[in-house]
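Novice: Would you mind keeping the following structure in view while I ask a few things?
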Amino acid sequence: METIAAGQGFPLHTRKDGETVTRTSAWTAPGCHNGCGIKIHTDDQGNVTKIEGDEATPFNQGRLCARCFAVPDALAADDRLLYPLKRAREDRGKDKFERITWDEAYDLIEATFNDIKEKYGAESVIFQQGTGRDITPYITRLSWSFGSPNFGGVGQSGDSCYLPRIAGMVGTLGGFWLADYSQQFVDRFDNPEWRAPGVIFNVGVNLLVSNSDGVMGYWMVECLKRGSKLINVDPKITWLSSRADLVLRPRPGTDGALAMGMINYLIENDLYDKDFVDKWCYGFEQLAERAKEYPLSKVAAITWLAEDDIVRATRMIVEDGPAALQWGLAADSSNAEAVPAAHAMQTVFQITGNVDVPGGMIMPTDILPGGYAGGWGRELISQEQLAKKIGIKKYPMYAFATPYTESEEVLKVLESGEPYELHACWNQTMNPISCMAPEPERVLRAFQKLDFFVDVTPYMTPTTMALADVVLPVCLFPERNGVALTTGSQRAAAMVKVTEPRGESKSDQQINLELGKRFNPKGWPWDTVEEMFTEMIKPTGYTFEELCEVSPVLPAFQYRKYEKGLLRPDGQPGFNTSTGRIELWCGMFQSIGQDPLPYYEEVRPGPLATPDLYEKYPLILTTGVRRWTTFHSEHRNMPRMRAIVKEPLAQMNPADAEKYGVKDNDIVELYNNNGKAHMRLRVTPEIMEGNIQTDHAWWFPEGDPEDLYGVMDVNVNNLCEYDCGKHGFGTNIKAQLCAVRKYEE
Ligand SMILES: Nc1nc2c(c(=O)[nH]1)N[C@H]1C(S)=C(S)[C@@H](COP(=O)(O)OP(=O)(O)OC[C@H]3O[C@@H](n4cnc5c(=O)[nH]c(N)nc54)[C@H](O)[C@@H]3O)O[C@H]1N2
Ligand SMILES: Nc1nc2c(c(=O)[nH]1)N[C@H]1C(S)=C(S)[C@@H](COP(=O)(O)OP(=O)(O)OC[C@H]3O[C@@H](n4cnc5c(=O)[nH]c(N)nc54)[C@H](O)[C@@H]3O)O[C@H]1N2
Ligand SMILES: [Mo]
2 METIAAGQGF PLHTRKDGET VTRTSAWTAP GCHNGCGIKI HTDDQGNVTK IEGDEATPFN
62 QGRLCARCFA VPDALAADDR LLYPLKRARE DRGKDKFERI TWDEAYDLIE ATFNDIKEKY
122 GAESVIFQQG TGRDITPYIT RLSWSFGSPN FGGVGQSGDS CYLPRIAGMV GTLGGFWLAD
182 YSQQFVDRFD NPEWRAPGVI FNVGVNLLVS NSDGVMGYWM VECLKRGSKL INVDPKITWL
242 SSRADLVLRP RPGTDGALAM GMINYLIEND LYDKDFVDKW CYGFEQLAER AKEYPLSKVA
302 AITWLAEDDI VRATRMIVED GPAALQWGLA ADSSNAEAVP AAHAMQTVFQ ITGNVDVPGG
362 MIMPTDILPG GYAGGWGREL ISQEQLAKKI GIKKYPMYAF ATPYTESEEV LKVLESGEPY
422 ELHACWNQTM NPISCMAPEP ERVLRAFQKL DFFVDVTPYM TPTTMALADV VLPVCLFPER
482 NGVALTTGSQ RAAAMVKVTE PRGESKSDQQ INLELGKRFN PKGWPWDTVE EMFTEMIKPT
542 GYTFEELCEV SPVLPAFQYR KYEKGLLRPD GQPGFNTSTG RIELWCGMFQ SIGQDPLPYY
602 EEVRPGPLAT PDLYEKYPLI LTTGVRRWTT FHSEHRNMPR MRAIVKEPLA QMNPADAEKY
662 GVKDNDIVEL YNNNGKAHMR LRVTPEIMEG NIQTDHAWWF PEGDPEDLYG VMDVNVNNLC
722 EYDCGKHGFG TNIKAQLCAV RKYEE
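This note's numbering puts the first residue of the sequence shown at 2, with every later residue one more than the last.
Have a look at this one:
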């Protein structure tokens, strides 16, 4: 693989004001997705005194967010877990942990897991991780080297963080693509091959806050400064809406219908790129037939948008191109049928020829496909064991397109013991009870059935308190070495240890290596984590030690790879699909019994799908507003972060507040058939009428541990449910239904 070392010539260590400054990368713990380049200052006692952005890292060019500035607080926090802990199974939920040694903890885990494996099979142990921290390669390896095909666990319905969009990409493009912000070039916005998108279609993402999926919000601002036009598709008025050339405020969950309407308009008005479609796309006639089902009048009625606005947006994509699609979590989680919606949305950018071109959509090369989400060590598990993976008969894409299991399928096996019993869980980086999972009471009850639950975490969480029999304390990123293999346009960046771990805490990587050796020494042949990293990043041509000196390393990039035979293993021009073309009519979806063409299915529950429920619960509930100061359920324990957002918030439009008799600053109760939660109300015109938007992942670390830190009173996931789409991907946590009333204690 041809790579470019962006950090060449920038020394790893320098001295400044009597302190050592180390160039490294941020990433978890505490949580983050991006692995920004940073400079950590340490004093001569090894204390971390300050963190700054690293200008030499093209990804963030010196920028940094509040959570990184607060890492010295996180390191010093009083409530960090410093020793391995154990608790009797009958004391789950009680604050009765006792300190044990690492050897005792490993002995207990090894003996219990192996005993369960002998009695019930390795598949009886599930290995689960939460959002993409840098644990994926090591936890898939642990799961597979132990012999369990059940990596994933009980989290979001339908793996609904990026996976629905990725399923759409893999199906139609045979690969991965994203908007071109020149993130693939070391010289970024100055690169002569690059140009800013003519227009950015920003849908269901609040990029300046979330910096999601390996894309930094400021990149979009840099493009706007260079003339990119912006279409912001979001029911809420965000900062980006206030800068946009066109704002569309669709009913949550209807973006798929919008896309189908745009496809129809493009085809009916001959606005698509005929040359590109003729040469590189498969199934155009069938697509055109399907698109006829979505005339503008129908689409306007579904989406609550004006026909003129849909036309304007579609014309801008053609007339102001190259056009880039920037999308976010709402694409995965506002309508359970997220895969056909993702298929539709991408089709708009495919039939307009915005494929692997400057300022359009790019198809970057992965350094290690397993690094972020694909898994590492699949060769360690037998086909016979892999065939036992939960849920793959119902959802065949889980057999080949992702290492994960589908959450509700695992939950049902936990509950029923069919087709086999589950007995233990290795939980590493997930907090299902306060963040990841809908129906948290149900999830809690199901987990309680397990014989054995191990949690690997830097802090006590409601999940740890409720369930853990053994707790392994994880150190924070400045206390360990590591490799950040990021999502988006991938790069390999070294994470360099600058200070000793506090107490007896260890890194995830160290823990998995040590335990992996006990389970299956052949699968873990390395003496040190650094040797393991070197093996993992082999495709870059660097050792871990070398990577520290030249980090970050980016794969070399070329545009229009499909013309040059660079996308297919056989070296032929075209795309890595069975037809070699972009499959507007998707053979892979056809082969798993799904509709090969994109379509829109009404969001459920919702005004049209369940009118009776809508009458009872007249507000569309969008959960999970991101905040600068927190990463999911983390940072609630950090006073400086907590001072900014003190408590869970719900936001609604003034007209709705008046209609439902609630006022700004009230504590309100949100409720529906699934459950309830209470929150502080903010009344603001930013929110669309008929919509209510809330925080997620709240709990109170200062609260009573045996009340699980108050999580069940405020967890908005009480109102959400397991209900994924036909492909096994997608959920509806951004478009539930609820009602609201003033909360009386
Ligand atoms: N209602 C609603 N629910 C949602 C969402 C929403 O928008 N609305 N968003 C969903 C999405 S997209 C996601 S990705 C999930 C995220 O859900 P989770 O992955 O469960 O996120 P966290 O709550 O941060 O939980 C991770 C826990 O891992 C631990 N941890 C943090 N860093 C590390 C580390 O480096 N090592 C180890 N071993 N442990 C660590 C911390 O204890 C932390 O509490 O939530 C989902 N849930
Ligand atoms: N600070 C911080 N950053 C984070 C996280 C965090 O917890 N804290 N979590 C990370 C994770 S795991 C993820 S997945 C990302 C998620 O971050 P994003 O991908 O940005 O997604 P959200 O913040 O959920 O939603 C973005 C916007 O979608 C709009 N929206 C809701 N429903 C719809 C709809 O149906 N259609 C359209 N068009 N718009 C809709 C909302 O109004 C909101 O403005 O953030 C990541 N970044
Ligand atoms: Mo996510």
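We treat Cβ as the ideally placed atom computed from N, Cα and C, and that holds for glycine.
Assuming residue 226 is part of the alpha helix (DSSP H), what are its boundary residues?
Specialist: Here the question's residue 226 lines up with position 225 in the sequence shown. Residue 226 -> alpha helix (DSSP H) spans 218-226.
Novice: Any heavy atom of ligand 3 closer than 7 Å to the beta-carbon of residue 585?
Specialist: Walking along the sequence shown from the start, residue 585 turns up at place 584. No, the Cβ of residue 585 stays beyond 7 Å of every heavy atom of ligand 3.
Novice: Where residue 499 and residue 46 are concerned, what is the direct C-alpha to C-alpha distance, given to the nearest angstrom?
Specialist: Indexing the sequence shown from 1 puts residue 499 at position 498. Indexing the sequence shown from 1 puts residue 46 at position 45. Cα to Cα, residue 499 sits roughly 11 Å from residue 46.
Novice: Please list, following the chain, all residues that have a C-beta closer than 5 Å to any non-hydrogen atom of ligand 3.
Specialist: With the cut-off at 5 Å, the residues found are 132 and 162.
Novice: For the stretch 632-704, list the alpha helix (DSSP H) runs that are entirely contained and at least 4 residues long, ordered along the chain.
Specialist: 640-643 and 655-661, all fully within the stretch 632-704.
Novice: Is the closest heavy atom of ligand 2 to the C-beta of residue 212 under 7 Å?
Specialist: Taking the sequence shown and counting its residues from 1, one reaches residue 212 at position 211. Flag set: Cβ of residue 212 near ligand 2.
Novice: Quick one: is the Cβ of residue 632 within less than 7 Å of any heavy atom of ligand 1?
Specialist: For the purposes of this step, residue 632 is identified with residue 631 of the sequence shown, where counting begins at 1. Yes, ligand 1 has a heavy atom inside 7 Å of this Cβ.
Novice: Just to confirm before moving on: does the CB-CB distance between residue 268 and residue 289 stay below 8 Å?
Specialist: Walking along the sequence shown from the start, residue 268 turns up at place 267. Walking along the sequence shown from the start, residue 289 turns up at place 288. Yes. Within cutoff.
Novice: Under 8 Å: do the stretch 718-730 and the stretch 699-709 share three or more Cβ pairs, one atom per stretch?
Specialist: Short answer: they don't touch.
Novice: Within the same chain, show all residues whose beta-carbon is closer than 6 Å to that of residue 645, passing over the 5 residues directly before and after it, in chain order.
Specialist: Taking the first residue of the sequence shown as position 1, residue 645 is located at position 644. Closer than 6 Å at Cβ, skipping near neighbours: 630.
Novice: To the nearest angstrom, how far is it from the Cα of residue 10 to the Cα of residue 385?
Specialist: Position 9 of the sequence shown, counted from the first residue, corresponds to residue 10. Position 384 of the sequence shown, counted from the first residue, corresponds to residue 385. If you take the alpha carbons of residue 10 and residue 385, they lie about 49 Å apart.
Novice: What did DSSP end up calling residue 172 once you bin it into helix, strand or coil?
Specialist: For the purposes of this step, residue 172 is taken as the residue at position 171 of the sequence shown. Helix at residue 172.
Novice: Would you tell me roughly how many angstroms separate the C-alpha atoms of residue 728 and residue 173, rounded to the nearest one?
Specialist: Your numbering for residue 728 matches position 727 in the sequence shown. Your numbering for residue 173 matches position 172 in the sequence shown. Going by the C-alpha atoms only, they are around 14 Å apart.
Novice: Look at the alpha carbon of residue 389 and the alpha carbon of residue 126, and state the distance between them as a whole number of angstroms.
Specialist: Residue 389 sits at position 388 when you count from the first residue of the sequence shown. Residue 126 sits at position 125 when you count from the first residue of the sequence shown. Cα to Cα, residue 389 sits roughly 12 Å from residue 126.
Novice: Measuring only from the beta carbon, is residue 61 closer than 7 Å to any heavy atom that is part of ligand 2?
Specialist: Locating residue 61 in the sequence shown gives position 60, counting from the first residue. Answer for residue 61: no, Cβ out of range of ligand 2.
Novice: Please say whether residue 24 and residue 77 have beta carbons closer to each other than 8 Å?
Specialist: Locating residue 77 in the sequence shown gives position 76, counting from the first residue. Locating residue 24 in the sequence shown gives position 23, counting from the first residue. No.
Novice: Is residue 292 buried or exposed, if buried means 16 or more other CB atoms sit within 10 Å of its CB?
Specialist: Here residue 292 refers to the residue found at position 291 when the sequence shown is read from its first residue. By the neighbour-count rule (16 or more Cβ atoms within 10 Å), residue 292 is buried.
Novice: Between residue 601 and the rest of its own chain, which residues show a CB-CB distance below 6 Å, the 5 nearest in sequence each way excluded?
Specialist: Here residue 601 is taken as the residue at index 600 of the sequence shown, counted from 1. So the qualifying residues of the chain are 257, 258 and 261.
Novice: Given a cut-off of 8 Å on the beta-carbon distance, is the pair residue 71 and residue 477 in contact?
Specialist: In the sequence shown, residue 71 corresponds to position 70, counting from 1. In the sequence shown, residue 477 corresponds to position 476, counting from 1. Cβ distance not < 8 Å, so residue 71 and residue 477 don't count as in contact.
Novice: Tell me whether residue 579, by its Cβ, gets closer than 7 Å to a heavy atom of ligand 2.
Specialist: Against the sequence shown, residue 579 aligns to sequence position 578. Incorrect: residue 579 has no Cβ contact closer than 7 Å to ligand 2.
Novice: Give me the Cα-Cα distance between residue 739 and residue 228, rounded to the nearest whole angstrom.
Specialist: On the sequence shown, residue 739 is found 738 positions in, with the first residue counted as 1. On the sequence shown, residue 228 is found 227 positions in, with the first residue counted as 1. The straight-line gap from Cα to Cα measures roughly 41 Å.
Novice: In its own chain, which residues sit with a C-beta less than 6 Å from the C-beta of residue 660, not counting the 5 before and 5 after it?
Specialist: The residue you call residue 660 lines up with position 659 of the sequence shown. Contacts found: none.
Novice: Using CA atoms only, rank isn't needed, just tell me which of 266, 520, 642 and 421 is closest to residue 295.
Specialist: The residue given as residue 295 occupies position 294 in the sequence shown. Per the Cα distances, 266.
Novice: Going by the beta-carbon positions, is the gap between residue 360 and residue 176 smaller than 8 Å?
Specialist: For the purposes of this step, residue 360 is taken as residue 359 along the sequence shown, with counting starting at 1. For the purposes of this step, residue 176 is taken as residue 175 along the sequence shown, with counting starting at 1. Cβ distance not < 8 Å, so residue 360 and residue 176 don't count as in contact.
Novice: Restricting to Cα atoms, I'd like to know which of 27, 376, 91 and 94 is closest to residue 61.
Specialist: Here residue 61 corresponds to residue number 60 of the sequence shown, with the count starting at 1. The candidate whose alpha carbon is nearest that of residue 61 is 27.
Novice: Given a cut-off of 8 Å, decide if residue 611 and residue 736 are closer than it, judged by their beta-carbon atoms.
Specialist: For the purposes of this step, residue 736 is taken as residue 735 along the sequence shown, with counting starting at 1. For the purposes of this step, residue 611 is taken as residue 610 along the sequence shown, with counting starting at 1. No, Cβ-Cβ distance for residue 736 and residue 611 is not below 8 Å.
Novice: Can residue 170 and residue 347 be called in contact, C-beta distance under 8 Å?
Specialist: Looking up residue 170 in the sequence shown gives position 169. Looking up residue 347 in the sequence shown gives position 346. Taking 8 Å as the Cβ cut-off, residue 170 and residue 347 qualify as a contacting pair.
Novice: How many angstroms separate the CA atom of residue 524 from the CA atom of residue 512?
Specialist: Taking the first residue of the sequence shown as position 1, residue 524 is located at position 523. Taking the first residue of the sequence shown as position 1, residue 512 is located at position 511. So the alpha carbons of these two residues sit roughly 14 Å apart.
Novice: In this structure, does DSSP put residue 448 in helix, strand or coil?
Specialist: Taking the sequence shown and counting its residues from 1, one reaches residue 448 at position 447. Three-state DSSP puts residue 448 in a helix.
Novice: On the premise that residue 475 lies in contact with residue 459, defined as a C-beta separation below 8 Å, what is that separation, rounded to the nearest angstrom?
Specialist: Translated into positions along the sequence shown, residue 459 becomes position 458. Translated into positions along the sequence shown, residue 475 becomes position 474. Confirmed, Cβ separation roughly 5 Å.
Novice: Ignoring anything shorter than 3 residues or poking outside the stretch 94-149, list the beta strand (DSSP E) runs there in chain order.
Specialist: Counting only runs of 3 or more, we get 126-130.
Novice: Can you find a heavy atom of ligand 1 that lies under 7 Å from the Cβ of residue 81?
Specialist: In the sequence shown, the residue the question calls residue 81 occupies position 80. Checking every heavy atom of ligand 1 against the Cβ of residue 81, none is found closer than 7 Å.
Novice: For residue 437, is the beta carbon positioned less than 7 Å from some heavy atom of ligand 1?
Specialist: For the purposes of this step, residue 437 is identified with residue 436 of the sequence shown, where counting begins at 1. Result yes, Cβ under 7 Å from ligand 1.
Novice: Tell me where the alpha helix (DSSP H) around residue 588 begins and ends.
Specialist: Taking the first residue of the sequence shown as position 1, residue 588 is located at position 587. Counting along the chain, the alpha helix (DSSP H) containing residue 588 begins and ends at 588-592.
Novice: Which whole-angstrom value is the C-beta distance of residue 201 and residue 325, which I expect to be below 8 Å?
Specialist: For this step, residue 201 is matched to residue 200 along the sequence shown. For this step, residue 325 is matched to residue 324 along the sequence shown. Yes, they are in contact, since the Cβ atoms of residue 201 and residue 325 sit about 5 Å apart, within 8 Å.
Novice: Could you check the C-alpha separation between residue 188 and residue 405 for me, to the nearest Å?
Specialist: Working through the sequence shown from its first residue, we reach residue 188 at position 187. Working through the sequence shown from its first residue, we reach residue 405 at position 404. Rounded to the nearest angstrom, the two C-alpha atoms are 36 Å apart.
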